[in-house]
Amino acid sequence: MENVREELQNQSTPLYYYDLPLLRETVNVAKNAADRYGYKIHYAIKANNNSRILEEISQLGVGADCVSGAEIALAIEKGFQPAEVVFAGVGKTDKEIQLALENDILAFNVESVQEIGVISEIASSLGKVANIALRINPNVDAKTHHYITTGLDENKFGIMMHELDTCLEIIENHASLSLVGLHFHVGSQITDLNVYKRLCVKVNEWNAYFYDRGYTVPILNLGGGLGINYMEPDEESIVNFSNFFYLFHQFLELKPGQEVHFELGRSIVANCGSLISRVLYIKNGLKKNFAILDAGMTELLRPALYQAYHKVELLQEDKQIEEEEISKVRYDIVGPICESSDCFGKDVLLPELIRGDLIAIRSAGAYGEVMSSRYNLRQPLNYFYKE
Ligand code: LLP
């Protein structure tokens, strides 16, 4: 976030700042790392569906992972190829299924026996064949926040093991269904690569299970979840794209002709976005100093919802000033919303703040703008795109 203060000085806040060159660089690094092993990336649109972001990503040779009919329509409108769109989610409506079929998407990641029946019915009424990837719940602990752990038996996601045979029976008996893949996703913001190692063990078991029963499943979709370095957004994460894909290369046991797909959201878009806000007031309490911002949980919900850490920085006038020379103060960085959880960070050490200072809340490109709300009748967001 260097040298942006001047550019942002006259902008209305709160605003989402997107660094498009950084986005392009991130996608290219990810894609090159995946290409090394012939792996395919689908960008998980749920992380950020901003039109400019989608227009950029769709031009860089990745597909789209969508979780609603509206995401499918937007992805296609913004340049993703329908044949590179997958449709996931536990609650697909009939209308959404129809839209996906009409657009001839690559595959439905299906999550229940009943859903397979519904997709089959709609496909046959349209005279189409639906490509199905079975989402299997591998019971692997993602070791992340419990709200974003998805691959355990107690989670609502995926087909339960005892129902697999029924699924296969339905698929075999319906010409409108074609089994094209197995799908796994265990959680998000995963920073321990051992989680993926354990996932590979389970995937290999399931892959062998299907193979031994005579099913050649062309696609293994390993989902997403690669975590980022929220603490130091300008430093490279320990779990970078290269060692992420290399791990799968080492531990996945593929059957002949199998493709490997991923659905990455956060690791693609988190770093390129920051929420920029102005200090409205400084309040020196008896125990705490509060910096009250013009952005709150309505613009970035993650800290309030998951107690997530986002680095808070002052956009300084003079970058030359040595850090040590500035006297620092601890602030609780809070928003204007009428909730005590409306807090971006407690006891954050920053140079002394004054009314009007510009603050950057970093790593907000993923699950930031998309989870914003109009609570307190907040006004629409402002944007600044670094071209
Ligand atoms: N595939 C599936 C099936 C998913 O459920 C998700 C995310 C992804 C891929 C993409 O995961 P990523 O690479 O972005 O970790 N709102 C939460 C995150 C929820 C993630 C939901 N699923 C947050 O702000 O941390």
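In full-length UniProt numbering, the protein residues as written are 1 to 387. By construction, the Cβ of each residue, glycine as well, lies at the ideal position given by its N, Cα and C atoms. All figures in this text were calculated on a predicted structure; none of them were measured in a lab.
{"Item": "Could you pull out every residue in the same chain whose Cβ sits closer than 6 Å to the Cβ of A123, ignoring the five residues on either side in sequence?", "Value": "L101, A130 and S176"}
{"Item": "With distances taken between CB atoms, is the gap from L134 to I159 smaller than 7 Å?", "Value": "yes"}
{"Item": "Helix, strand or coil for E263? Go by DSSP, reduced to three states.", "Value": "strand"}
{"Item": "Cβ of E96 within 6 Å of any heavy atom in the ligand LLP?", "Value": "no"}
{"Item": "Who are the near neighbours of A360 in its chain, counting only those whose CB is closer than 6 Å to its CB and skipping five residues on each side?", "Value": "M1, S274, I276, E313 and L315"}
{"Item": "Kindly examine the ligand LLP and report whether one of its heavy atoms sits closer than 6 Å to the Cβ of E115.", "Value": "no"}
{"Item": "Tell me which same chain residues have a C-beta within less than 8 Å of the C-beta of I45, skipping the five on either side of it?", "Value": "L54, A64, D65, C66, V67, E71, L74, A75 and G265"}
{"Item": "Any idea what DSSP makes of V180, helix, strand or coil?", "Value": "strand"}
{"Item": "Less than 6 Å between the CB of R362 and some heavy atom of the ligand LLP, yes or no?", "Value": "no"}
{"Item": "Counting only runs that start and end within the region 172-230, where is the beta strand (DSSP E) found for 3 or more residues in a row?", "Value": "177-183 and 219-221"}
{"Item": "Counting only runs that start and end within the region 11-43, where is the alpha helix (DSSP H) found for 4 or more residues in a row?", "Value": "20-35"}
{"Item": "Nearest-angstrom Cα distance between A270 and D332?", "Value": "23 Å"}
{"Item": "Flag this pair as yes or no: are the beta carbons of L193 and L226 separated by less than 7 Å?", "Value": "no"}
{"Item": "At the level of alpha carbons, what is the spacing between L358 and G224?", "Value": "33 Å"}
{"Item": "Give me the Cβ distance between K311 and Y230, rounded to the nearest whole Å; I'm assuming they're in contact under 8 Å.", "Value": "7 Å"}
{"Item": "Where are the alpha helix (DSSP H) runs, 4 residues long or more, that stay fully inside the region 51-126, in chain order?", "Value": "51-58, 69-77, 94-102 and 113-126"}
{"Item": "Need the endpoints of the beta strand (DSSP E) that N284 sits in, please.", "Value": "G273 to N284"}
{"Item": "Short of 7 Å in beta carbon distance, which residues of its chain neighbour Y215, apart from the five on each side in sequence? Order them along the chain.", "Value": "L179"}
{"Item": "For L220, which option in R278, I41 and G356 has the closest C-alpha, if you only look at C-alpha atoms?", "Value": "I41"}
{"Item": "Between S188 and the ligand LLP, is the CB less than 6 Å from at least one heavy atom?", "Value": "yes"}
{"Item": "Would a check of beta-carbon distances place Q316 closer than 7 Å to chain B?", "Value": "Looking at the structure shown, chain B is missing, and only one protein chain is on hand."}
{"Item": "At a cut-off of 6 Å, is H42 close to the ligand LLP when judged by its beta-carbon and the heavy atoms of the ligand?", "Value": "no"}
{"Item": "Regarding R198 and the ligand LLP, is the C-beta to nearest heavy atom distance less than 6 Å?", "Value": "no"}
{"Item": "I need the straight-line Cα distance from Q9 to S242, nearest angstrom please.", "Value": "37 Å"}
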